[in-house]
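In my numbering, the protein residues as written are 51 to 275.
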Amino acid sequence: MPPTTRDDPAGPSADAAPVDGRTVRRQRGRAAVIEAVVDLLTEGHVPPTTAEVVSRAGISEATLFRNFGRIDDLQLEASITFLDRHTHRFEIPDLGHGPLDARIDRLVRSRTALWEAIGPVVRLGRARAVDNPELADLLRTSRLAQIDQVRTHFAPELTGLTPTRRTDVAAVVTSLTGFEAWDLLRHDLARSHRRIHQAWTTALTALLDPTGPTKATRSTERKSR
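If you want it as structure tokens, here you go:
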């Protein structure tokens, strides 16, 4: 049982409450700043500047750097919080159900929507991951989870392959629809969402159904003309 004032005539230390109060206020202050940065990230300010952060959080630069040693530390912590809150976007609707062309379409739609929503933060995270093991582990875990999704989603097509071929195809599907591929097509090569959808659908169909293009592929090609 913890001591009471009856057990300890001297009572609790006079310094205990103020120290606890300062700790709580500091924790709340940090949380408020992180929320402000997450909001800025959501709005497309990637990475947010010091001026943007202090303006949104309603604090001074001195307070900001008292709670966070460097702006990079704050950006990193907020980026991890942001990505944690968007994990639901990695889900593929009706995972593993339906004909191949429908499964390909759902994967393509879910991945393009995912990267469009969180792409700028992922780009920042990849740059920060070089020097941050925690963030690097988070990204690695995400990639492995995506491979597991692909294995389940395309199990009928992968089951009949040799173990090596099965592993290779799952890895290629994952990389083809991954952030790096999307970022290259969307920004470096200036492809529209429709063009990316068509390209991925065509490539995945060729990889998973070598017998020929599906109706979905032909339909996508006609719409893009």
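Beta carbons: idealized from backbone N, C-alpha and C, even for Gly.
Beta-carbon spacing of Thr100, Leu114 below 8 Å: yes
Rounded Cβ spacing between Leu234 and Trp250 (contact assumed at less than 8 Å): About 12 Å; that fails the 8 Å criterion.
Test item: CB-CB of Leu124 and Gly175 under 8 Å: no
Reduced DSSP category for Thr209 - H, G, I as helix; E, B as strand; rest coil: DSSP places Thr209 in coil when its eight states are reduced to three.
Nearest neighbour of Arg139, chosen from Glu230, Val158, Arg236, Ala82 [CA to CA]: Val158
Proximal residues to Leu189 (C-beta, below 6 Å), its chain only, five neighbours per side dropped: Ala179
Proximity to His203 [Cα-Cα], best of Leu194, Asp151, Leu145: Leu145
C-alpha gap between Val222 and Gly79, whole angstroms: 44 Å
Environment of Val74 [buried if 16+ CB atoms lie within 10 Å]: exposed
8 Å Cβ cutoff met for Gly148 and Phe229: no
Inside the segment 186-253 only - alpha helix (DSSP H) runs reaching at least 4 residues: 205-208, 213-226, 229-233
Cutoff 6 Å; reference Pro260; Cβ partners in own chain excluding five residues on either side: none
Cβ pair Thr162, Ile109 closer than 8 Å: It is not a contact, given that the beta carbons lie outside the stated cut-off.
Residue environment, Pro183, which counts as buried when at least 16 other CB atoms sit within 10 Å: Exposed, because fewer than 16 other Cβ atoms sit within 10 Å of the Cβ of Pro183.
Span of the alpha helix (DSSP H) around Leu150: Where Leu150 is concerned, the enclosing alpha helix (DSSP H) stretches over 150-179.
Nearest candidate by alpha-carbon position, reference Asp143, set Gln199, Glu93, Trp232: For the sequence presented, residue 143 should be read as Pro rather than Asp. Out of Gln199, Glu93, Trp232, Gln199 has the C-alpha closest to the C-alpha of Pro143.
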